[in-house]
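In this note's numbering, the protein residues as written are 913 to 1133.
Here is the structure we will look at, set down as structure tokens.
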Amino acid sequence: MSGAGMWQPAGMGSATDWHDWHLPYGDPGSPLARRLRLVQEHVDEWLDERPEPVLTAVSACAGQGRDLLGVLARRPDASRVRATLIEYDPRNTAAARAEADRLGVAVATKCADAGLPESYADAVPADLVLFAGVFGNIGDADVRRTVAALPRLCAPGATVIWTRTRRAPDLTPSIRAWFAEAGFTETAFHAPAGVLFSVGVHRLTAAPRPLGSGGRLFRFI
913 MSGAGMWQPA
923 GMGSATDWHD
933 WHLPYGDPGS
943 PLARRLRLVQ
953 EHVDEWLDER
963 PEPVLTAVSA
973 CAGQGRDLLG
983 VLARRPDASR
993 VRATLIEYDP
1003 RNTAAARAEA
1013 DRLGVAVATK
1023 CADAGLPESY
1033 ADAVPADLVL
1043 FAGVFGNIGD
1053 ADVRRTVAAL
1063 PRLCAPGATV
1073 IWTRTRRAPD
1083 LTPSIRAWFA
1093 EAGFTETAFH
1103 APAGVLFSVG
1113 VHRLTAAPRP
1123 LGSGGRLFRF
1133 I
């Protein structure tokens, strides 16, 4: 996500307002803004490395779509990208939709639960899969299950960009190993000093798998 999550109404077990969660982006020095810039740098690199006339992207728990829309806003080749932003909070979905319309880019917004495989129907297989802000908000078992399922969302040679806090106990070493087990090769991993966030980039080197209709991938906690 650009980093919101799965919004829950009052009384549904989450006190986080995923719309207001985006406010720190207004401070360029905030950890959230720094993380966003790193993610966007890798989206830029992905576009630079892929010369195809049409590329597909999907963003899980996309928030207001900043990870992708911020890049497309400055790219002369933005028209190459066909993207889907999956986000549960309708306010964030509306904000992403308004920005995509303003930019005139081919980005669809879907107000849906990104933890369910069926939410990705018509959006995958994708050449770029964004899981920014997801792994830090779900249980460890759900992280492992989701990483193992990512080949179901990927086109051949797809790139996955993900983020995760390194707050103790740091799960990122396990996540990186799980990506290897799932058939991915790591191309970058950032763990900046002075902050807790990390950004990982992996390329699918194994064969992708069909999406299917398996059970839930994750649930926000």
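All C-beta atoms in this analysis are idealised placements derived from N, C-alpha and C, irrespective of residue type, glycine included.
Quantities reported herein were computed from a predicted structural model and do not represent experimental measurements.
Just verifying my parser: in three-state terms, what is the DSSP assignment at residue i?
i, result
"Asp1054", "helix"
"Leu1116", "strand"
"Ile1133", "coil"
"Leu984", "helix"
"Ser942", "coil"
"Ser971", "strand"
"Val966", "coil"
"Trp933", "Only weak support is given to the placement of Trp933: the predicted model assigns it a pLDDT of 47, under 50, and the value that follows is read from those uncertain coordinates. Here Trp933 sits in helix by DSSP."
"Leu959", "helix"
"Ala1007", "helix"
"Val993", "strand"
"Val1111", "strand"
"Ala1105", "coil"
"Arg1121", "coil"
Report all residues from its chain with a CB closer than 7 Å to the CB of residue i; omit the five preceding and five following residues, and keep chain order.
i, result
"Arg1079", "Leu1108"
"Ala1118", "Pro1063 and Gly1095"
"Val1055", "Phe1047, Leu1083 and Ile1087"
"Val966", "Arg992 and Arg994"
"Ala1007", "Gln976"
Within a Cβ cutoff of 6 Å, which residues of the same chain sit near residue i, ignoring the five residues on either side of it in sequence?
i, result
"Gly982", "Gln952"
"Ala990", "Leu984 and Val1017"
"Arg946", "none"
Would you tell me roughly how many angstroms separate the C-alpha atoms of residue i and residue j, rounded to the nearest one?
i, j, result
"Lys1022", "Ser1086", "31 Å"
"Leu980", "Val1072", "13 Å"
"Arg943", "Leu1083", "It is worth fixing the name first, because residue 943 is Pro in this sequence and not Arg. In a straight line, the C-alpha of Pro943 is about 19 Å away from that of Leu1083."
"Gly1124", "Arg987", "34 Å"
"Arg1076", "Val1036", "23 Å"
"Ile1133", "Gly1051", "7 Å"
"Gly1106", "Phe1130", "29 Å"
"Ser971", "Ala1053", "21 Å"
"Thr1097", "Arg992", "25 Å"
"Ala969", "Trp1090", "22 Å"
"Gly1126", "Tyr1032", "12 Å"
"Trp933", "Ala1010", "Any reading at Trp933 needs caution, since the residue's pLDDT is 47, under 50, leaving its predicted position unreliable; the model's value is listed next. Each residue's alpha carbon lies about 18 Å from the other."
"Glu1093", "His1114", "12 Å"
"Glu961", "Arg1128", "33 Å"
"Pro1122", "Leu1042", "18 Å"
"Ala1012", "Ala1070", "23 Å"
Contiguous beta strand (DSSP E) assignments of at least 3 residues, all confined to the stretch 1009-1078:
If you keep only unbroken beta strand (DSSP E) runs of at least 3 residues inside the stretch 1009-1078, you get 1019-1023, 1038-1043 and 1066-1077.
Okay, do the stretch 1059-1068 and the stretch 1017-1027 touch, 3+ Cβ pairs below 8 Å being the bar?
At 8 Å Cβ cutoff, the stretches do not touch.
Validate contact between the stretch 965-975 and the stretch 997-1005 using beta carbons, cut 8 Å, 3 pairs
Output reads yes: the stretch 997-1005 touches the stretch 965-975.
Inter-stretch contact (C-beta, 8 Å, three-pair minimum) for the stretch 1093-1102 and the stretch 998-1013
In this structure the stretch 1093-1102 does not lie against the stretch 998-1013, because fewer than three pairs of beta carbons, one per stretch, are closer than 8 Å.
I want to know whether the stretch 1007-1017 touches the stretch 1041-1060 - three or more CB-CB distances under 8 Å.
no
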